[in-house]
Amino acid sequence: MTSSKPITEISRDFRFEAAHRLPNVPPDHKCFQMHGHSFRVTVVVEGELDPKLGWICDFAELARAWEPFHRALDHKVLNDVPGLENPTSELLAHYVAQRFDPPGGRLARVTVHETCTSSCTVRL
Ligand SMILES: [Zn+2]
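The structure is reproduced here in structure tokens:
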């Protein structure tokens, strides 16, 4: 039995639709062509519980913190977004990880689900 404090994480999923192409793959690679995905991004925040409220932060505030990302990414061509000129799932996860500012706790992980079966996670 360890005496260390348990670590609490909360997460929230966000969805957006976007187009992209991967400019650095060979021209005969399918991802060289413009195509779209229904992206899902999972943001994980870890931290101490507020002793009175009993939570790390309000899920609704977490959703508000995502709103600028939705405006920047939803129904956009990701290649046109500054910082996403080569919009792989990996670089999209880093893009979010570098910019997402949780309203409480600290950002622990960002996962970009490009399809139902393919995803990338950045751990911070
Ligand atoms: Zn793709």
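Throughout the sequence shown, residue numbering follows the working numbering, covering 10 to 133 in sequence. Don't be surprised by glycine CBs; every beta carbon is placed ideally from N, CA and C. Please read these numbers as outputs of a predicted model, since none were measured by experiment.
{"Query": "Please determine whether the Cβ atom of His-122 lies at a distance below 7 Å from any heavy atom of ligand 1.", "Result": "no"}
{"Query": "Pick helix, strand or coil for Lys-61, following the three-state DSSP scheme.", "Result": "coil"}
{"Query": "Taking 8 Å as the cut-off, does the stretch 84 to 98 touch the stretch 62 to 74 (at least 3 CB pairs, one atom from each stretch)?", "Result": "no"}
{"Query": "Have a look at Glu-70 and Phe-25 and give me their C-alpha separation to the nearest angstrom.", "Result": "18 Å"}
{"Query": "Please report the distance separating the alpha-carbon of Arg-118 from that of Ile-16.", "Result": "14 Å"}
{"Query": "May I have the straight-line CA-CA distance separating Leu-133 from Phe-41, to the nearest angstrom?", "Result": "30 Å"}
{"Query": "Could you check which residue in Thr-120, Thr-97 and Ala-102 has the C-alpha nearest to that of Val-34?", "Result": "Thr-97"}
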